[in-house]
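S.K.: There's a structure below that I have some questions on.
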Amino acid sequence: DPFAAEASSELVLYLEQISGRTWTSTATDPGGPAIRLAVDPADPALAGRNDEAVRIVSDANGITVTGATEVALREGVSILLDKVGVRWFFKQQDWTVVPASLADIGAIDEVKEPAFIHREIWHSNGINSGGWGKPGDYMTWKRRNNLDGAVQYRIGHSYGGIVPLNDPNAPPDVYCPSASATFPWQLRPDHPYVVNAAITRVRDSFANP
3 DPFAAEASSE LVLYLEQISG RTWTSTATDP GGPAIRLAVD PADPALAGRN
53 DEAVRIVSDA NGITVTGATE VALREGVSIL LDKVGVRWFF KQQDWTVVPA
103 SLADIGAIDE VKEPAFIHRE IWHSNGINSG GWGKPGDYMT WKRRNNLDGA
153 VQYRIGHSYG GIVPLNDPNA PPDVYCPSAS ATFPWQLRPD HPYVVNAAIT
203 RVRDSFANP
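What follows is the structure in structure tokens.
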């Protein structure tokens, strides 16, 4: 699974930087102390929780991160790295903080799940930074701060999607008399075409989040 693979790679990347030692990722249980990653929606501790619920347990045998889904597992790894002191304050690499040594997180057994299903912080696109849904520093920063949840919604500007510019089906009088079909354009909110287009857009958004 790509989410589990990302979780494993991220964990190895930062643990090696912090400890100065080589860490090995394996698909089989090595036995003895280790950090174990698992997806188990049947874990009793995750019962009744959402798809992003994750359980982190430490004991004499190491640390186990169990997600209700693969996305939850990836988020659990970010939570674990946060516990040992890794920080991603902004999308540029200069704002990543990696501690000089591994912190002792002690004995823990806790379940985490986000209070909000959809979490978003927008930014202006920059050179090589990517943008919403595009590879780059921005999407990586979002992922590491658990801003990409199991479900995503379009919650940005909606006006331009009601009746887009140059809509071939739009009557010419959908625009206010003082405006035109060029940017910036102003729709007539009482026009039947505009009203129906707005209603259809909202219904489609709720039917296909």
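For the sequence shown, our numbering begins at 3 and goes up steadily by one. Built from N, CA and C at the ideal position, the CB exists for glycine as well. Please read all numbers here as calculations on a predicted model, not as lab measurements.
Quick one: residues in its chain with C-beta nearer than 6 Å to the C-beta of phenylalanine 208, no 5 flanking neighbours on either side, listed in chain order?
M.R.: By 1-based counting over the sequence shown, the position of residue 208 is 206. Hits under 6 Å: none found.
S.K.: Do the stretch 26-42 and the stretch 59-69 meet, that is, are 3 or more Cβ pairs less than 8 Å apart?
M.R.: Yes: at least three Cβ pairs fall under 8 Å.
S.K.: By Cβ distance below 7 Å, which residues in the same chain neighbour alanine 9 in space, the five residues on each side in sequence not counted?
M.R.: Your numbering for residue 9 matches position 7 in the sequence shown. Result list for alanine 9: Leu39, Leu75, Arg76, Val79, in chain order.
S.K.: From aspartate 192 to isoleucine 81, what does the alpha carbon distance come to, in whole angstroms?
M.R.: Start at 1 with the first residue of the sequence shown, and residue 192 comes out as number 190. Start at 1 with the first residue of the sequence shown, and residue 81 comes out as number 79. Rounded to the nearest angstrom, the two C-alpha atoms are 49 Å apart.
S.K.: Got a sec, what are the start and stop residues for the alpha helix (DSSP H) arginine 146 sits in?
M.R.: The residue given as residue 146 occupies position 144 in the sequence shown. Unbroken alpha helix (DSSP H) run through arginine 146: 139-146.
S.K.: So, using beta-carbon positions, are isoleucine 164 and alanine 109 closer together than 9 Å?
M.R.: Walking along the sequence shown from the start, residue 164 turns up at place 162. Walking along the sequence shown from the start, residue 109 turns up at place 107. It is not a contact, given that the beta carbons lie outside the stated cut-off.
S.K.: In its own chain, which residues sit with a C-beta less than 6 Å from the C-beta of glycine 87, not counting the 5 before and 5 after it?
M.R.: Counting from 1 along the sequence shown, the entry for residue 87 is found at position 85. Pro101, Ala105.
S.K.: According to DSSP, simplified to helix, strand and coil, what is serine 27?
M.R.: As a first step, residue 27 is located in the sequence shown; it is residue number 25 there, counting from the start. Serine 27: coil per DSSP, three-state reduction.
S.K.: Go through its chain and collect everything with a Cβ distance to proline 43's Cβ below 6 Å, but skip five positions before and after it.
M.R.: Against the sequence shown, residue 43 aligns to sequence position 41. For proline 43, where only same-chain residues beyond five positions count, the Cβ hits under 6 Å are Ala70.
S.K.: Cα separation between proline 194 and arginine 57?
M.R.: The count along the sequence shown starts at 1 and reaches residue 194 at position 192. The count along the sequence shown starts at 1 and reaches residue 57 at position 55. Cα-Cα distance, rounded: 52 Å.
S.K.: Work out the CA separation of asparagine 52 and valine 153 for me, nearest whole Å.
M.R.: Working through the sequence shown from its first residue, we reach residue 153 at position 151. Working through the sequence shown from its first residue, we reach residue 52 at position 50. Taking the straight line joining both Cα atoms gives about 11 Å.
S.K.: Of all the options Pro173, Asp96, Ile119, which has the alpha carbon lying nearest to the alpha carbon of aspartate 139?
M.R.: Residue numbering aside, residue 139 sits at position 137 when the sequence shown is read from its first letter. Comparing Cα-Cα distances from aspartate 139 to each of Pro173, Asp96, Ile119, the minimum goes to Asp96.
S.K.: Let me confirm a value: valine 143 is counted as buried when at least 16 other C-beta atoms fall within 10 Å, else exposed. Which label applies?
M.R.: In the sequence shown, counting from the first residue as 1, residue 143 sits at position 141. Position check: residue 143 holds tryptophan in this sequence, whereas valine was assumed. Buried is the call here.
S.K.: To the nearest angstrom, report how far apart isoleucine 129 and isoleucine 123 are at their CA atoms.
M.R.: As a position in the sequence shown, residue 129 is number 127, starting the count at 1. As a position in the sequence shown, residue 123 is number 121, starting the count at 1. Residue confidence for isoleucine 129 is low, a pLDDT of 48 falling below 50, so the modelled location carries little weight; the figure read from the coordinates is stated next. Each residue's alpha carbon lies about 18 Å from the other.
S.K.: Just mark glutamate 18 as buried or exposed, buried being the case when its beta carbon has 16 or more other beta carbons within 10 Å.
M.R.: For the purposes of this step, residue 18 is identified with residue 16 of the sequence shown, where counting begins at 1. Exposed.
S.K.: Since alanine 40 sits in a beta bridge, which residues does DSSP pair it with?
M.R.: By one-based count along the sequence shown, residue 40 stands at place 38. According to DSSP, alanine 40 bridges with Thr68.
S.K.: With DSSP run on the structure shown, which of helix, strand or coil describes leucine 189?
M.R.: Position 187 of the sequence shown, counting from 1, holds the residue named residue 189. Three-state result, leucine 189: strand.
S.K.: So is arginine 146 buried or exposed if we call it buried at 16+ other beta carbons inside 10 Å?
M.R.: Here residue 146 is taken as the residue at index 144 of the sequence shown, counted from 1. When all chains shown are included, arginine 146 counts as buried.
S.K.: Kindly give me the distance between the Cβ atoms of arginine 54 and glutamate 12, rounded to whole angstroms, as I take these residues to be in contact under 8 Å.
M.R.: Locating residue 54 in the sequence shown gives position 52, counting from the first residue. Locating residue 12 in the sequence shown gives position 10, counting from the first residue. Sequence check: residue 54 is glutamate here, not arginine. Actually they do not touch by this definition, with Cβ atoms about 17 Å apart.
S.K.: To the nearest angstrom, how far is the alpha carbon of aspartate 45 from that of valine 113?
M.R.: Here the question's residue 45 lines up with position 43 in the sequence shown. Here the question's residue 113 lines up with position 111 in the sequence shown. Those two C-alpha atoms are separated by around 11 Å.
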